[in-house]
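The sequence shown: position 256 = 256 (the numbering used here), numbered continuously. Backbone N, C-alpha and C fix where the C-beta goes; we use that ideal spot for every residue, glycine too. I have placed the structure first, in the form of structure tokens, so that the comments after it can refer back to it.
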Amino acid sequence: MPCLVVVGGVFGDEGKGKIISHIALRYHPEIAVRGGVGPNAGHTVVTNDKILKLRMLPCAVVNKSTRLMIGAGVLVDPRILMKEVSETNSQDRTTVDRNCAIIEEKHVEADRTGHLKEKIGTTGTGTGPANSDRVLRVGKIAQDEQILRDYIGDVSLETNEALDQKKFVLLEGTQGTMLSLYHGTYPYVTSKDVSASAICSDVGIGPKRVDEVIVVFKAYLTRVGAGPLDGELDLSETMQRGWQEFGSVTGRLRRAAPFDYELAKRSIMLNSGTQIALTKLDTVFPSCAGAKEYSKLPLEARHFVEEIEGRVGCPVSYIGTGAEAEDIIDRT
Ligand code: IMP
Ligand code: MG
Numbered sequence: 001m002p003c004l005v006v007v008g009g010v011f012g013d014e015g016k017g018k019i020i021s022h023i024a025l026r027y028h029p030e031i032a033v034r035g036g037v038g039p040n041a042g043h044t045v046v047t048n049d050k051i052l053k054l055r056m057l058p059c060a061v062v063n064k065s066t067r068l069m070i071g072a073g074v075l076v077d078p079r080i081l082m083k084e085v086s087e088t089n090s091q092d093r094t095t096v097d098r099n100c101a102i103i104e105e106k107h108v109e110a111d112r113t114g115h116l117k118e119k120i121g122t123t124g125t126g127t128g129p130a131n132s133d134r135v136l137r138v139g140k141i142a143q144d145e146q147i148l149r150d151y152i153g154d155v156s157l158e159t160n161e162a163l164d165q166k167k168f169v170l171l172e173g174t175q176g177t178m179l180s181l182y183h184g185t186y187p188y189v190t191s192k193d194v195s196a197s198a199i200c201s202d203v204g205i206g207p208k209r210v211d212e213v214i215v216v217f218k219a220y221l222t223r224v225g226a227g228p229l230d231g232e233l234d235l236s237e238t239m240q241r242g243w244q245e246f247g248s249v250t251g252r253l254r255r256a257a258p259f260d261y262e263l264a265k266r267s268i269m270l271n272s273g274t275q276i277a278l279t280k281l282d283t284v285f286p287s288c289a290g291a292k293e294y295s296k297l298p299l300e301a302r303h304f305v306e307e308i309e310g311r312v313g314c315p316v317s318y319i320g321t322g323a324e325a326e327d328i329i330d331r332t
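Structure below.
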């Protein structure tokens with residue numbers, strides 16, 4: 001049973017939630033651990049017409065037998081987490097690492113004013129200021145937070161023990177590689193590294209533990225907030241192509257551009273990606289909608305997939321053809 005890491009390829013909102021929910025429902029991980037920044041992420045999962053928007057819990061919540069954990073590197077907003085735990089009725093299978101740092105009201109306030117709001121265009125969820133306090137070592141941690149007392153545990157130990165027992169462990173990244181504080185488009189980035197190595201570090205497993213790194217790309221690019229976006233389309237062109245999307249956390253209209261092969265290649269390099277998951281192929285090629293077999297795709301869609309494999313140098317293992325977890329071509 002493998003250890004699998006899923007990360008965002010570019011600017012976030014690639015559809016990680018969809019890919020993770022498919023993997024969780026089909027391959028039943030023992031444990032899913034959330035890495036990444038915190039509730040600035042919004043992952044959308046659709047199963048049986050039911051839409052779930054997750055900002056704290058792992059998207060593998062859709063598979064009822066999976067234990068759900070939050071790695072020490074992640075920032076926890078206790079109110080958002082508790083709401084998701086109760087909405088998904090996952091009280092009995094949720095564990096928060098005792099060392100997770102806590103987002104407080106003052107962090108949210110600081111994230112909604114001044115330079116973070118005006119220049120960077122952050123999500124306003126308090127993650128940057130909370131990470132800043134964490135670095136200054138003045139922040140509060142999960143084991144001191146009363147509301148979380150029933151959920152506190154040692155996530156790195158439990159994850160490493162599960163791997164020792166050859167259990168299937170899924171590590172869920174957030175944001176996208178080009179929003180990494182180190183490797184992204186600084187200063188228009190999030191407040192941490194979010195590449196595959198960082199996700200492992202968030203959880204507390206070493207690099208030799210990982211078997212597969214799935215990098216998720218959407219069939220076109222979107223970006224919310226400020227920062228460069230090569231080939232950016234104007235609004236009318238975006239609408240004409242049907243690529244308009246709204247941020248799931250912020251509600252902001254996302255900027256859009258065509259797929260960028262060079263950026264994708266660099267992302268595979270930074271993550272040592274072993275597989276690509278390509279989402280929303282049906283938005284670019286509508287006749288792909290709902291397809292579950294590669295051979296059923298129209299020729300131009302297959303050409304696009306093969307062009308990506310050739311130019312980026314990595315196999316496309318999953319292809320999203322609709323919003324539901326089941327709308328997928330699984331080539332693994
Ligand atoms: P912050 O992470 O809220 O500090 O925002 C920094 C930048 O990253 C802004 O451009 C945000 O729009 C972007 N960002 C952060 N999280 C996400 C995400 O989950 N999806 C898309 N963009 C994100
Ligand atoms: Mg999102």
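For GLN91, which of ARG266, ALA142 and VAL61 has the nearest alpha-carbon?
Here the closest residue by C-alpha is VAL61.
Can you say whether ASP111 is buried or exposed, counting buried as having 16 or more other CB atoms within 10 angstroms of its CB?
So ASP111 ends up on the buried side.
Under the rule that 16 or more other beta-carbon atoms within 10 Å means buried, what is ARG149, buried or exposed?
Burial check for ARG149: the Cβ neighbour count within 10 Å stays below 16, so the residue is exposed.
If LEU54 and GLY8 are in contact, beta carbons under 8 Å, what's the gap, nearest whole angstrom?
With a contact defined as Cβ atoms closer than 8 Å, LEU54 and GLY8 miss out at about 14 Å.
Counting only the same chain and skipping the five closest in sequence on each side, list residues whose C-beta sits under 7 Å from that of ALA291.
Residues of the same chain with a CB within less than 7 Å of the CB of ALA291, apart from the 5 flanking positions on each side, are LEU297, THR321 and ILE329 in chain order.
Residue burial classification, TYR151 (beta-carbon count within 10 angstroms, cutoff 16):
Result: buried.
Using CA atoms only, rank isn't needed, just tell me which of PHE285, GLY114, GLY73 and PHE168 is closest to ILE103.
Looking at the Cα atoms, GLY73 is the closest of the given residues.
Can you tell me which of ASP77, SER21 and GLY231 puts its alpha carbon nearest to the alpha carbon of LEU52?
Of ASP77, SER21 and GLY231, the residue nearest in Cα terms is SER21.
Give me the Cα-Cα distance between THR283 and ARG241, rounded to the nearest whole angstrom.
Rounded to whole angstroms, THR283 to ARG241 spans 8 Å at the Cα level.
For PHE259, report the span of its alpha helix (DSSP H) as first-last.
PHE259 -> no alpha helix (DSSP H), and no H or E assigned at all.
With a CB to CB cut of under 8 Å and the five nearest residues on each side skipped, what residues in its chain are close to HIS183?
Once the five neighbours on either side are set aside, the close Cβ partners of HIS183 are THR177, ASP193, SER195 and LEU270.
Could you give the DSSP three-state label for LYS140: helix, strand or coil?
DSSP places LYS140 in coil when its eight states are reduced to three.
Residues bridged to GLU212 (per DSSP):
In the DSSP output, where bridge partners are listed per residue, GLU212 has LEU4.
When you compare each of SER295, ARG93, GLY124 and PRO2 to SER248 by their alpha carbons, which one comes out closest?
In terms of Cα proximity to SER248, the closest of SER295, ARG93, GLY124 and PRO2 is GLY124.
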